[in-house]
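To keep things clear, I will list the structure first and then write my remarks on it.
Protein chains: 2
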Amino acid sequence: MEYLSNDKLVIVGAAGMIGSNMAQTALMMKLTPNICLYDTYAPGLEGVAEELRQCAFEGANITATSDVAEAFKDAKYIVTSGGAARKAGMTREDLLKGNAQIAEQLGKDIKQYAPDVKHVVVIFNPADITGLITLLYSGLKPNQVSTLAALDSTRLRNELAKYFKVPADEIQMPRTYGGHGEQMAVFASTCTVAGQPLSQIIGTKALPEQEWTAMKQRVIQGGKNIIDLRGRSSFQSPAYLSIEMIAAAMGGKPFTWPVGTYVNNGEYNHIMMAMETTVDANGVTVKPVQGTPLEHKELDQSYHHLCTLRDEVISLGIMPPIHDWSKINPNL
Amino acid sequence: MEYLSNDKLVIVGAAGMIGSNMAQTALMMKLTPNICLYDTYAPGLEGVAEELRQCAFEGANITATSDVAEAFKDAKYIVTSGGAARKAGMTREDLLKGNAQIAEQLGKDIKQYAPDVKHVVVIFNPADITGLITLLYSGLKPNQVSTLAALDSTRLRNELAKYFKVPADEIQMPRTYGGHGEQMAVFASTCTVAGQPLSQIIGTKALPEQEWTAMKQRVIQGGKNIIDLRGRSSFQSPAYLSIEMIAAAMGGKPFTWPVGTYVNNGEYNHIMMAMETTVDANGVTVKPVQGTPLEHKELDQSYHHLCTLRDEVISLGIMPPIHDWSKINPNL
Numbered sequence: 497m498e499y500l501s502n503d504k505l506v507i508v509g510a511a512g513m514i515g516s517n518m519a520q521t522a523l524m525m526k527l528t529p530n531i532c533l534y535d536t537y538a539p540g541l542e543g544v545a546e547e548l549r550q551c552a553f554e555g556a557n558i559t560a561t562s563d564v565a566e567a568f569k570d571a572k573y574i575v576t577s578g579g580a581a582r583k584a585g586m587t588r589e590d591l592l593k594g595n596a597q598i599a600e601q602l603g604k605d606i607k608q609y610a611p612d613v614k615h616v617v618v619i620f621n622p623a624d625i626t627g628l629i630t631l632l633y634s635g636l637k638p639n640q641v642s643t644l645a646a647l648d649s650t651r652l653r654n655e656l657a658k659y660f661k662v663p664a665d666e667i668q669m670p671r672t673y674g675g676h677g678e679q680m681a682v683f684a685s686t687c688t689v690a691g692q693p694l695s696q697i698i699g700t701k702a703l704p705e706q707e708w709t710a711m712k713q714r715v716i717q718g719g720k721n722i723i724d725l726r727g728r729s730s731f732q733s734p735a736y737l738s739i740e741m742i743a744a745a746m747g748g749k750p751f752t753w754p755v756g757t758y759v760n761n762g763e764y765n766h767i768m769m770a771m772e773t774t775v776d777a778n779g780v781t782v783k784p785v786q787g788t789p790l791e792h793k794e795l796d797q798s799y800h801h802l803c804t805l806r807d808e809v810i811s812l813g814i815m816p817p818i819h820d821w822s823k824i825n826p827n828l
Numbered sequence: 497m498e499y500l501s502n503d504k505l506v507i508v509g510a511a512g513m514i515g516s517n518m519a520q521t522a523l524m525m526k527l528t529p530n531i532c533l534y535d536t537y538a539p540g541l542e543g544v545a546e547e548l549r550q551c552a553f554e555g556a557n558i559t560a561t562s563d564v565a566e567a568f569k570d571a572k573y574i575v576t577s578g579g580a581a582r583k584a585g586m587t588r589e590d591l592l593k594g595n596a597q598i599a600e601q602l603g604k605d606i607k608q609y610a611p612d613v614k615h616v617v618v619i620f621n622p623a624d625i626t627g628l629i630t631l632l633y634s635g636l637k638p639n640q641v642s643t644l645a646a647l648d649s650t651r652l653r654n655e656l657a658k659y660f661k662v663p664a665d666e667i668q669m670p671r672t673y674g675g676h677g678e679q680m681a682v683f684a685s686t687c688t689v690a691g692q693p694l695s696q697i698i699g700t701k702a703l704p705e706q707e708w709t710a711m712k713q714r715v716i717q718g719g720k721n722i723i724d725l726r727g728r729s730s731f732q733s734p735a736y737l738s739i740e741m742i743a744a745a746m747g748g749k750p751f752t753w754p755v756g757t758y759v760n761n762g763e764y765n766h767i768m769m770a771m772e773t774t775v776d777a778n779g780v781t782v783k784p785v786q787g788t789p790l791e792h793k794e795l796d797q798s799y800h801h802l803c804t805l806r807d808e809v810i811s812l813g814i815m816p817p818i819h820d821w822s823k824i825n826p827n828l
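For the protein sequence lines, the chains are A and B, in the order given. Under the working numbering, residues 497 to 828 are what the first sequence spells out, in order. Under the working numbering, residues 497 to 828 are what the second sequence spells out, in order.
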């Protein structure tokens, strides 16, 4: 079995649980033999590199470095989980500020060291915001930067499959758009359960309104639930899904879930959020979101929440006011 | 892409780092859609199952249970990392005894609940011994139980590739046989480096004897090195390699590394240890080990060390004396 490409793929944050899983996943998917692991934590990085070399993936050329210039040199694809985790005593704003600054530096590093990069996937939280900042400072085009947004939809799929006791594949087009978690907009109207429109099931005996509300709550709390159960943050699913995204951007198997992407369409402006998209070798293409008026209203609310977060980052001085973005990135 | 088989594959110890990686790896390799996760630690198990469901592997049917009877029902393949880790204050003998007892119960559970299992891969330490105990109590045939032994050889390959600064694929047939770690027997005579026999390089300026000795020491300490670097035991490489083993036993891609297997050939008797093998849908077939007289002497020493460990387990009363084994398992 051949590799999909020989292009250099860089995993940022490769010493961590998500990053190390990303690297293994990319090697198993045979995306490229040329995988470069980057992390500022050198011992852990070397440990991950050694483990992966000891897997003996055929043809793999696994490099590892804590020097960003070396890591990004000739990089064609970058996937990054390299944010900070929320630590005891940190406020939400501390986390936002810290990861926003990391995203700013990431964008600048991409611009300086990886000007020919084709696609970047950003997954550290809040990903809609860190992805937006990365896009701004990297100077890349909007179709070249995407963020992980699929997990809410795959969690919805899982909850529906469990509730109706059907195989998960019988749940078609489960969709959440907009922001992540509390602010996501659930689009029941897109979804079918064993061929039947979910919208027609909600509010019936098969799925009473309050059960549906409880289910949406479980989707929102999906990440917290993993922490409660495993005693650690979810790492396998974000790693796997983000590598599926970069695989699609590398010209591999199409990615069939919502993707966080830059939106500036008159209705939603200067924002990064989960939309219906296609991802292929041309990057991300946004498709129209189909839904009921109520669902679109929820998406509006989700959008406004993301605007508030974005404006908070602007007020922190990490991003300039929107009218100045094009000075940094003419593509915006 | 279709699954290789529909046979039920059980991952034992699935709540752990190795087990959860095994499950993800097996799903990514598309070995079978029917993966059952088993662990006595129910919350962690559920967390892993949820993460994997949230990956949305196409066609996957992921079940999870802490009931061994349910887990093993109709199981055709089992991979187990479900041993105990060495904890503070435990002696080596405590660990041996604890994991030997776990292996005894595992074997009995297989016999009772999974009589039609085709192949079992055992990887919890000391794997040569826990695999032997599992084989004894399961009543399976020797070709149906194997243990993870490849890591010493893949570590040797990695050290050679780094030392000679050549791609790892240029290191052909790096081999260690017999026991694991300190007691492994390194067979330099099987190996070539960029086409040149390693035996002809050792002792020259290209690889002085003392450098070769240091390299073997790094291979022996390979697992400890990962702990030092990552702050946790190696989990990605053992998980990946053991799933490659079961993949071969399921009729998939051939496994090209040494495998721990039952040996009773007149020269080495009533023991499980790393040998040259083929693994395919017929299970493990032992092939002759080729080496120099000195290498065979090292293998003899490794064998004798394993006999001592085995006899220690017999003296603990966990296995009966060898002459009584056939009463428990007529295949031995």
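Quick reminder that beta carbons are idealized off the backbone N, C-alpha and C, glycines included.
Scan the stretch 706-764 of chain A and note each continuous beta strand (DSSP E) run of 3 residues or more that stays entirely inside, going in chain order.
Listed in chain order, the beta strand (DSSP E) elements of length 3 or more contained wholly in the stretch 706-764 of chain A are 755-759.
If you follow the alpha helix (DSSP H) that B:Thr630 is in, where does it begin and where does it stop?
In the second sequence, the residue the question calls residue 630 of chain B occupies position 134. B:Thr630 -> alpha helix (DSSP H) spans 623-634.
Residue environment, B:Ile814, which counts as buried when at least 16 other CB atoms sit within 10 Å
Counting from one through the second sequence, the residue named residue 814 of chain B turns up at place 318. Per the 10 Å Cβ criterion, buried.
Whose Cβ in chain A lies nearer than 8 Å to the Cβ of B:Asn557?
Counting from 1 along the second sequence, the entry for residue 557 of chain B is found at position 61. Result: Pro663.
Less than 7 Å between the beta carbons of A:Ser811 and A:Gln679, yes or no?
Taking the first sequence and counting its residues from 1, the one referred to as residue 811 of chain A is at position 315. Taking the first sequence and counting its residues from 1, the one referred to as residue 679 of chain A is at position 183. No, the pair does not count as a contact, with Cβ atoms beyond the cut-off.
For A:Leu771, which beta-bridge partners are listed by DSSP?
As a working mapping, residue 771 of chain A is identified with position 275 in the first sequence. A quick correction: the sequence has Met, not Leu, at residue 771 of chain A. A:Val755.
Could you confirm whether any beta carbon from chain A is found closer than 7 Å to the beta carbon of B:Pro539?
Numbered from 1 along the second sequence, position 43 holds the residue referred to as residue 539 of chain B. The beta carbon of B:Pro539 sits closer than 7 Å to some beta carbon of chain A.
So with Cβ pairs under 7 Å, would you call B:Leu725 a contact of chain C?
Here chain C cannot be found, since the structure's protein chains are A and B.
Drop a sphere of 10 angstroms on the beta-carbon of A:Leu631, count the other beta-carbons inside from all chains shown, and report buried for 16 or more, exposed for fewer.
Reading the first sequence from its first residue, position 135 is the one you call residue 631 of chain A. Answer is buried; the Cβ neighbour count reaches 16.
Check whether chain B comes within 7 Å of A:Ser634, counting only Cβ atoms and requiring the distance to be less than that.
Taking the first residue of the first sequence as 1, we reach residue 634 of chain A at position 138. Interface annotation, A:Ser634: not in contact with chain B, CB-CB separation never under 7 Å.
A:Asn557 vs A:Asn530 beta-carbon contact at 7 Å:
If you number the first sequence from 1, residue 557 of chain A lands on position 61. If you number the first sequence from 1, residue 530 of chain A lands on position 34. One thing to note: A:Asn557 has its Cβ within 7 Å of the Cβ of A:Asn530.
7 Å Cβ cut-off: residues of chain B touching A:Cys803
By 1-based counting over the first sequence, the position of residue 803 of chain A is 307. Per Cβ cutoff of 7 Å: no residues; A:Cys803 is ~28 Å from chain B at best.
7 Å Cβ cutoff met for A:Leu548 and A:Leu527
As a first step, residue 548 of chain A is located in the first sequence; it is residue number 52 there, counting from the start. As a first step, residue 527 of chain A is located in the first sequence; it is residue number 31 there, counting from the start. No, they are not a contact pair.
Going by beta-carbon coordinates alone, are A:Ser642 and A:Val506 separated by less than 7 Å?
By one-based count along the first sequence, residue 642 of chain A stands at place 146. By one-based count along the first sequence, residue 506 of chain A stands at place 10. The answer is no: Cβ separation not under 7 Å.
Does DSSP put B:Thr700 in a helix, a strand or coil?
Reading the second sequence from its first residue, position 204 is the one you call residue 700 of chain B. Reduced to three states, the DSSP call for B:Thr700 is strand.
Since B:Gln732 meets chain A, which of its residues come closer than 7 Å, beta carbon to beta carbon?
Counted from its first residue, the second sequence places residue 732 of chain B at position 236. Listed by position along chain A, the residues whose Cβ is nearer than 7 Å to that of B:Gln732 are Ser516, Gln520, Glu547, Leu548, Cys551.
My guess is that B:Asn859 and B:Asn639 are in contact by the Cβ rule of under 8 Å, so how many angstroms apart are they, rounded?
Summary: the structure shown does not reach residue 859 of chain B, with chain B confined to residues 497 through 828, and so no result is reported for it.
Can you list, in chain order, the residues of its chain whose CB lies under 8 Å from that of B:Asp503, leaving out five sequence neighbours each side?
Locating residue 503 of chain B in the second sequence gives position 7, counting from the first residue. Only Thr528, Asn530, Lys572, Tyr573, Lys614, Met746 meet the Cβ criterion.
Meets three-Cβ-pair contact criterion under 8 Å: the stretch 688-697 of chain A and the stretch 715-725 of chain A
With contact defined as three or more Cβ pairs closer than 8 Å, the stretch 688-697 of chain A and the stretch 715-725 of chain A are not in contact.
Give every residue of the same chain whose Cβ lies closer than 6 Å to the Cβ of B:Gly677, excluding the five residues on either side of it in the sequence, and list them in chain order.
The sequence position of residue 677 of chain B within the second sequence is 181, counting from 1. Once the five neighbours on either side are set aside, the close Cβ partners of B:Gly677 are Ile716.
Identify, in the order they occur along the chain, each residue of the same chain with its Cβ nearer than 8 Å to the Cβ of B:Val508, setting aside the five sequence neighbours on each side.
Within the second sequence, numbered from 1, the residue matching residue 508 of chain B stands at position 12. Cβ neighbours of B:Val508 beyond the five flanking positions: Gly515, Tyr534, Asp535, Ala567, Ile574, Val575, Thr576, Ser577, Gly578, Leu602.
Neighbourhood of B:Gly719 by C-beta, 8 Å cutoff - its chain only, sequence neighbours within 5 removed
Taking the second sequence and counting its residues from 1, one reaches residue 719 of chain B at position 223. Leu647, Gly677, Ser729, Ser730.
Starting from A:Ile574 and walking both ways along the beta strand (DSSP E), at which residues does that stretch end?
Within the first sequence, the letter at position 78 stands for residue 574 of chain A. Where A:Ile574 is concerned, the enclosing beta strand (DSSP E) stretches over 571-576.
Mark A:Ile667 as exposed unless 16 or more other C-beta atoms lie within 10 angstroms of its C-beta, in which case mark it buried.
On the first sequence, residue 667 of chain A is found 171 positions in, with the first residue counted as 1. Around the Cβ of A:Ile667, a 10 Å sphere holds 16 or more other Cβ atoms; the residue is buried.
Determine the extent of the beta strand (DSSP E) in which B:Thr804 is found, giving its start and end residues.
Here residue 804 of chain B refers to the residue found at position 308 when the second sequence is read from its first residue. No beta strand (DSSP E) contains B:Thr804, which is instead part of the alpha helix (DSSP H) from 789-811.
Determine the extent of the alpha helix (DSSP H) in which A:Asn654 is found, giving its start and end residues.
For the purposes of this step, residue 654 of chain A is taken as the residue at position 158 of the first sequence. Segment 646-660, the alpha helix (DSSP H) holding A:Asn654.
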